[in-house]
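Visitor: Residue numbers (my numbering): 4 to 116.
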């Protein structure tokens, strides 16, 4: 088994991130501030991914790093985000339930380990 240096890991992660059809992804969560006012805080910003047909991809990272959020956006489960998801050149509309059902049924597979 080969152990990669941090530089090699970063280069490999960057290479993978450069290949899914996500553009300008920004995910924000409401954050309760003192005084009862809410502010939306960016937890993911500027994510651009492209996956090739038939490619297997692993998303790795620290706890709280946005892996589950990213997978929920890709899987059509999370609808509150900025940016777009494209599948085979078509923008996936996260507001159209029938389109999302067809997408989940026939296009994508996610395995959580």
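Heads up, the beta-carbon is just placed ideally off N, CA and C, and yes, glycines get one too.
Starting from residue 89, follow the beta strand (DSSP E) in both directions and report where the run begins and ends.
Guide: 85-90
Visitor: How long is the line joining the alpha carbons of residue 21 and residue 98, rounded to whole angstroms?
Guide: In this prediction, residue 21 scores a pLDDT of 47, lower than 50, which makes its location untrustworthy; no coordinate-derived value is stated.
Visitor: Report the residue from 82, 109, 75, 84 whose alpha carbon sits nearest the alpha carbon of residue 91.
Guide: Check the Cα spacing between residue 91 and each of 82, 109, 75, 84: the tightest is with 109.
Visitor: How many Å lie between residue 72 and residue 81 at the Cα?
Guide: 8 Å
Visitor: Measuring alpha carbon to alpha carbon, tell me which residue in 58, 48, 64, 93 is nearest residue 9.
Guide: 64
Visitor: Classify residue 84 as buried or exposed, calling it buried when 16 or more other Cβ atoms lie within 10 Å of its own Cβ.
Guide: buried
Visitor: Let's see if you can read the secondary structure: which residues bound the alpha helix (DSSP H) around residue 100?
Guide: 100-109
Visitor: Helix or strand or just coil, what does DSSP make of residue 51?
Guide: strand
Visitor: With 16 other CB atoms within 10 Å as the buried threshold, where does residue 79 fall?
Guide: Counting every other CB atom within 10 Å of its CB across the protein chains shown gives residue 79 a total of 16 or more, marking it as buried.
Visitor: Could you check whether residue 111 and residue 76 sit closer than 8 Å to each other, using their CB atoms as the reference points?
Guide: no
Visitor: If you follow the alpha helix (DSSP H) that residue 66 is part of, which residue opens it and which one closes it?
Guide: Under the DSSP assignment, residue 66 falls outside any alpha helix (DSSP H); it carries neither an H nor an E label.
Visitor: Pick from 50, 62, 53, 55: whose alpha carbon is nearest that of residue 113?
Guide: For residue 113, the closest C-alpha among the options 50, 62, 53, 55 is that of 62.
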